[in-house]
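Chains A and B are the protein sequences, given in the same order. Count the first sequence with this note's numbering and you get residues 70 to 393, in order. Count the second sequence with this note's numbering and you get residues 100 to 217, in order. Glycine included, each C-beta is placed from N, C-alpha and C at the ideal position.
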Amino acid sequence: MTDQKRDVIDQNLQDLNNDGIDRRGFLKCMAWAGTGLVWTMSGGVPVSRAFAKSMGSGAGKGGDFSFVQISDSHMGFNKPANPDVVATLQAAVNKVNGLPNQPDFLLHTGDISHLSRPEQFDTVDQVLKSASAKDVFFVPGEHDVLDDNGKSYLERYGKNAQGAGWYSFEHKGVHFIGLVNVLNLKAGGLGSLGGEQLEWMEKDVKNLKHSTPIVVFAHIPLWTVYPEWGWGTEDSAQALSYLKKFGSVTVLNGHIHQTMQKVEGNVTFHTAMSTAFPQPQPGKADSPGPLKVPAEQLRSLLGITDVNYVRRQHSLAIVDSTLA
Amino acid sequence: MTNKHLWFSGLVVAVVMGLLLGSPLLRAGNNDQPVTVPAAVKIDNFSFGPQSLTVPVGATVTWTNRDDIPHTAVSTEGVFKSKVMDTDEKFSYTFTKAGTYSYYCTIHPKMTGKVVVQ
Numbered sequence: 070m071t072d073q074k075r076d077v078i079d080q081n082l083q084d085l086n087n088d089g090i091d092r093r094g095f096l097k098c099m100a101w102a103g104t105g106l107v108w109t110m111s112g113g114v115p116v117s118r119a120f121a122k123s124m125g126s127g128a129g130k131g132g133d134f135s136f137v138q139i140s141d142s143h144m145g146f147n148k149p150a151n152p153d154v155v156a157t158l159q160a161a162v163n164k165v166n167g168l169p170n171q172p173d174f175l176l177h178t179g180d181i182s183h184l185s186r187p188e189q190f191d192t193v194d195q196v197l198k199s200a201s202a203k204d205v206f207f208v209p210g211e212h213d214v215l216d217d218n219g220k221s222y223l224e225r226y227g228k229n230a231q232g233a234g235w236y237s238f239e240h241k242g243v244h245f246i247g248l249v250n251v252l253n254l255k256a257g258g259l260g261s262l263g264g265e266q267l268e269w270m271e272k273d274v275k276n277l278k279h280s281t282p283i284v285v286f287a288h289i290p291l292w293t294v295y296p297e298w299g300w301g302t303e304d305s306a307q308a309l310s311y312l313k314k315f316g317s318v319t320v321l322n323g324h325i326h327q328t329m330q331k332v333e334g335n336v337t338f339h340t341a342m343s344t345a346f347p348q349p350q351p352g353k354a355d356s357p358g359p360l361k362v363p364a365e366q367l368r369s370l371l372g373i374t375d376v377n378y379v380r381r382q383h384s385l386a387i388v389d390s391t392l393a
Numbered sequence: 100m101t102n103k104h105l106w107f108s109g110l111v112v113a114v115v116m117g118l119l120l121g122s123p124l125l126r127a128g129n130n131d132q133p134v135t136v137p138a139a140v141k142i143d144n145f146s147f148g149p150q151s152l153t154v155p156v157g158a159t160v161t162w163t164n165r166d167d168i169p170h171t172a173v174s175t176e177g178v179f180k181s182k183v184m185d186t187d188e189k190f191s192y193t194f195t196k197a198g199t200y201s202y203y204c205t206i207h208p209k210m211t212g213k214v215v216v217q
């Protein structure tokens, strides 16, 4: 490691210790697309590495793999913030198909539809058919469980799920957990996992080796991003307590339509952009509604999240890229 | 005053009288029926306006969503529950019993409001 790299890492470590990782700096790094810089989390410490070097050689060998997270497609939304969410979802799929390392599967972290209507879910399924990755794993957003408490969502996407749609699966040694935190929300409250789901989760991870990398995905952030706008989950602390023993935990969320990241010990929290419309930064507007921007800027605020798992390093590299 | 002027003045007086007679000012004195104003809640910018609405027993409250995002209005005690309202869609409920009815948007639970029926 060169002295220069060591300085950069030390600086980031310092920021971590001050409980204020330079978010802007971190995000700047994460948002760099095409510059070839990838930040990976290795045992909780950010390590930068040239993209081609780290991914090219390892991809596909010895259990290395990647997957892509897309989120908040809001199929059916048609207001000025984005009059054509089909086109931008297709652009996101095209982006996925153009990645140098093809993902093994996609994760959709919810708000698949805008109004839980069957034709909206149908359209998303249709667009996703053109993705190179044929397997897509979903969790619902609050827009997917309207009027029927998630019954139609479950019929469509919950075949291998428990309860309101939670489930887990193993992929090349990494344990994935899909959680539902958008049902039975209480007045004035935040997202909610509920007792039944928490009990299931505790049992689900109980017998896993501590060295198993864990990826948790749910719609509403599992850390408190901005409670005034409901950007958080009431009982996520309990869920996270079950994961304390694991060396590598990655939490992927959506809902806020912008990228945000936080590292806390062995847990990396990350939120994805929407493929439909951006939302304002916390507190920068009266409300968290769709953010209207000049048409030519829209696609630079929408995007996908590419996650690469490098088995040797036991780490996951999270790279956001915009549609334009 | 010429005949023309007299005629014109008479016309003006007649019109003014007509307006006055048609106005609530005079009507109120003639009968005891209260003027009912439709009770409305406007949903906009992730909030219910007014957040607290007071209505008489028997009043029908209509929620109209003027936001560019869908919302719902659901009573915390299970008294009423709207379907999802997209932009410009409405939901109405008639309050037949006095009381304070707290409600919220189930999609964005930080949005709360209440209807006071008395």
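Are residue i and residue j close, meaning C-beta to C-beta below 7 Å?
| i | j | result |
| --- | --- | --- |
| T340 of chain A | I325 of chain A | yes |
| F398 of chain A | A202 of chain A | Summary: the structure shown does not reach residue 398 of chain A, with chain A confined to residues 70 through 393, and so no result is reported for it. |
| M270 of chain A | A308 of chain A | yes |
| V216 of chain B | V160 of chain B | no |
| G323 of chain A | S140 of chain A | yes |
| G46 of chain A | L392 of chain A | Because chain A here runs from 70 to 393, residue 46 of chain A falls outside it and cannot be looked at. |
| K180 of chain B | T163 of chain B | no |
| F146 of chain A | H183 of chain A | yes |
| H177 of chain A | A345 of chain A | no |
| T171 of chain B | T205 of chain B | yes |
| V274 of chain A | Y311 of chain A | yes |
Run down chain A in chain order and give the residues with a C-beta less than 7 Å from the C-beta of residue i.
| i | result |
| --- | --- |
| H207 of chain B | G299 |
| T211 of chain B | A256 and G257 |
| T175 of chain B | A256 |
List, in order along the chain, the chain B residues whose C-beta lies closer than 7 Å to that of residue i?
| i | result |
| --- | --- |
| D216 of chain A | K182 and V183 |
| E211 of chain A | I206 |
| L184 of chain A | P169, V183 and D185 |
Quick check on residue i: does DSSP put it in helix, strand or coil?
| i | result |
| --- | --- |
| F238 of chain A | strand |
| L158 of chain A | helix |
| D194 of chain A | helix |
| A138 of chain B | strand |
| K361 of chain A | coil |
| D399 of chain A | This structure cannot settle anything about residue 399 of chain A, because the visible part of chain A is limited to 70 through 393. |
| M184 of chain B | strand |
| W298 of chain A | helix |
| T391 of chain A | strand |
| V216 of chain B | strand |
| T374 of chain A | strand |
| N164 of chain B | strand |
| V274 of chain A | helix |
| H143 of chain A | coil |
| S182 of chain A | strand |
| A233 of chain A | coil |
| A197 of chain B | coil |
| D143 of chain B | strand |
| V336 of chain A | strand |
| A386 of chain A | strand |
| L252 of chain A | coil |
| V165 of chain A | helix |
Starting from the beta carbon of residue i, find every residue of chain B whose beta carbon is closer than 9 Å, and list them in chain order.
| i | result |
| --- | --- |
| D153 of chain A | Near D153 of chain A there are no residues of chain B at all, since even the closest Cβ is about 15 Å away, more than 9 Å. |
At a CB-CB cut-off below 8 Å, which residues of chain A make contact with residue i?
| i | result |
| --- | --- |
| R144 of chain B | In the sequence under discussion, the amino acid at residue 144 of chain B is Asn, which differs from the Arg named in the question. The answer, in chain order, is D355, S356 and G358. |
| T159 of chain B | What T159 of chain B touches in chain A: nothing, since even the nearest Cβ is about 22 Å away. |
| T199 of chain B | Those do not exist, as T199 of chain B stays about 14 Å from chain A at its closest Cβ, beyond 8 Å. |
Listing by chain order, which chain A residues have their CB less than 9 Å from the CB of residue i?
| i | result |
| --- | --- |
| S151 of chain B | Correct list: empty, because the minimum Cβ distance to chain A is about 14 Å. |
| S191 of chain B | None at all; the shortest Cβ gap to chain A is about 17 Å. |
| T195 of chain B | Here the premise fails: no neighbours, minimum Cβ distance about 23 Å. |
Next on the checklist: So, does the stretch 290 to 307 of chain A touch the stretch 253 to 273 of chain A, judging by three or more C-beta pairs under 8 Å?
Outcome noted: For the pair of segments examined, the stretch 290 to 307 of chain A was found to touch the stretch 253 to 273 of chain A: the number of CB pairs separated by less than 8 Å reaches three.
Next on the checklist: Can you confirm whether the stretch 183 to 192 of chain A touches the stretch 220 to 240 of chain A when touching is taken to mean that 3 or more C-beta pairs between the two stretches lie within less than 8 Å?
Outcome noted: By the Cβ criterion, the stretch 220 to 240 of chain A is in contact with the stretch 183 to 192 of chain A, since at least three pairs of Cβ atoms, one from each stretch, lie closer than 8 Å.
Item to check | Three CB pairs or more closer than 8 Å across the stretch 262 to 273 of chain A and the stretch 155 to 169 of chain A | outcome: No, the stretch 262 to 273 of chain A is not in contact with the stretch 155 to 169 of chain A.
Item to check | Contact residues within the stretch 234 to 261 of chain A, judged by C-beta distance below 8 Å to chain B | outcome: For the stretch 234 to 261 of chain A, the set of positions with a beta-carbon nearer than 8 Å to some beta-carbon of chain B reads L254, K255, A256, G257, G258 and L259 in chain order.
Item to check | Members of the stretch 144 to 170 of chain A that neighbour chain B once the beta carbon cut-off is set at 8 Å | outcome: Listed in sequence order: K148, P149 and A150.
Item to check | Stretch-stretch touch, CB-based, cutoff 8 Å, three pairs: the stretch 359 to 371 of chain A with the stretch 162 to 171 of chain A | outcome: In short, these stretches do not touch, since the Cβ pair count stays below three.
Checklist entry - So, do the stretch 372 to 379 of chain A and the stretch 175 to 194 of chain B have three or more beta carbon pairs nearer to each other than 8 Å? => result Verdict: no, contact absent.
Checklist entry - At a cut of 8 Å, does the stretch 349 to 365 of chain A reach the stretch 209 to 218 of chain A through at least three beta carbon pairs? => result Too few Cβ pairs lie closer than 8 Å, so no.
Checklist entry - Is it true that the stretch 194 to 204 of chain B meets the stretch 242 to 250 of chain A, where meeting means three or more beta-carbon pairs spaced less than 8 Å apart? => result No, the stretch 194 to 204 of chain B does not touch the stretch 242 to 250 of chain A.
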